[in-house]
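> Mind looking over this structure? Questions follow.
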Amino acid sequence: MATMHPYLNFDGKAEEAFNFYKSVFGGEFTFFAKMGDAPESDKLTQEEKNRVMHVALPINEHTVLMASDCVPSAGHVLKEGNNMYINLNTESREDADRFFNGLSAGGTIEMPMDDMFWGDYFGSFKDRFGIQWMVNYSSHK
């Protein structure tokens, strides 16, 4: 069993966009962090440190709208088609591996499944049909 949430990418406009979405949908952010909060952020420009690393806004009890800004110095280029992912939250690490391995077969792995500094087990890829996915397992729900 898993849940799916839309994940949007922006080129420095995530905070502005999500403040707008919050004004429309209401509620509060359940997570908001800037790139400057990440390990090794000292390598980023001041402008990049101020970009959004991750933001989450619950829309209802089943859907969370999430996003981040791209990081130009890391080679990220936002273009139509790479500005949205499907984020798949799983109930176990085993499910995360099963969905990741199954859906990424024949595709392009962006980040292999691994334990992340924020505490989740996470990976991302583009499937063989060009759809971008993030697979996430959080043991601290």
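According to my numbering, the sequence shown is numbered sequentially starting from 1.
All C-beta atoms, glycine included, are put in the ideal place defined by N, C-alpha and C.
This one's a predicted model, so the numbers in the text were calculated from it and none came from an experiment.
1) So what does His140 bridge to, in DSSP terms?
2) Since His5 contacts Met66 with CB under 8 Å, what's their CB separation in whole angstroms?
3) I need the DSSP call for Asn9, collapsed to helix, strand or coil.
4) Is the beta carbon of Leu103 less than 8 Å from the beta carbon of Val71?
5) Looking at the secondary structure, which residues open and close the beta strand (DSSP E) in which Ala33 lies?
6) Give the DSSP bridge partners of Met134, in chain order.
7) In the DSSP assignment, find the alpha helix (DSSP H) that holds Ala38 and state where it starts and stops.
8) Taking 8 Å as the cut-off, decide whether the C-beta atoms of Gly27 and Leu8 are in contact.
9) Which value, in whole angstroms, describes the spacing of the CA atoms of Phe29 and Val55?
10) If you pair each beta-carbon of the region 83-96 with each one of the region 127-136, do three or more pairs fall below 8 Å?
11) Could you check the C-alpha separation between Asp42 and Thr63 for me, to the nearest Å?
12) Identify, in the order they occur along the chain, each residue of the same chain with its Cβ nearer than 8 Å to the Cβ of Lys79, setting aside the five sequence neighbours on each side.
13) Taking DSSP as the reference, what is the three-state secondary structure of Val24?
Once the coordinates are examined:
1) Here the question's residue 140 lines up with position 140 in the sequence shown. Under DSSP, His140 shares a beta bridge with no residue.
2) Taking the sequence shown and counting its residues from 1, one reaches residue 5 at position 5. Taking the sequence shown and counting its residues from 1, one reaches residue 66 at position 66. Contact flag correct, Cβ pair sits at about 6 Å.
3) Sequence index remark: in the sequence shown, residue 9 carries index 9 (1-based). DSSP places Asn9 in strand when its eight states are reduced to three.
4) As a working note, residue 103 is residue 103 in the sequence shown. As a working note, residue 71 is residue 71 in the sequence shown. Taking the C-beta atoms as reference points, Val71 is found no nearer than 8 Å to Leu103.
5) The residue labelled residue 33 in the question sits at position 33 within the sequence shown. The continuous beta strand (DSSP E) containing Ala33 extends over residues 31-34.
6) Residue numbering aside, residue 134 sits at position 134 when the sequence shown is read from its first letter. DSSP output for Met134 lists Asn87, Ser124 as bridge partner(s).
7) Taking the first residue of the sequence shown as position 1, residue 38 is located at position 38. Per DSSP, Ala38 belongs to no alpha helix (DSSP H) and is neither H nor E.
8) What you label residue 27 is simply residue 27 of the sequence shown in a count that begins at 1. What you label residue 8 is simply residue 8 of the sequence shown in a count that begins at 1. Against a cut-off of 8 Å, the Cβ pair of Leu8 and Gly27 comes out as no contact.
9) In the sequence shown, residue 29 corresponds to position 29, counting from 1. In the sequence shown, residue 55 corresponds to position 55, counting from 1. A direct Cα-to-Cα measurement between Phe29 and Val55 gives close to 7 Å.
10) Counting Cβ pairs under 8 Å, three or more are found: they touch.
11) For the purposes of this step, residue 42 is taken as residue 42 along the sequence shown, with counting starting at 1. For the purposes of this step, residue 63 is taken as residue 63 along the sequence shown, with counting starting at 1. It is roughly 34 Å from the alpha-carbon of Asp42 to the alpha-carbon of Thr63.
12) Here the question's residue 79 lines up with position 79 in the sequence shown. Scanning its chain for C-beta atoms nearer than 8 Å, with the 5 sequence neighbours on each side dropped, one finds no residue around Lys79.
13) The count along the sequence shown starts at 1 and reaches residue 24 at position 24. Here Val24 sits in helix by DSSP.
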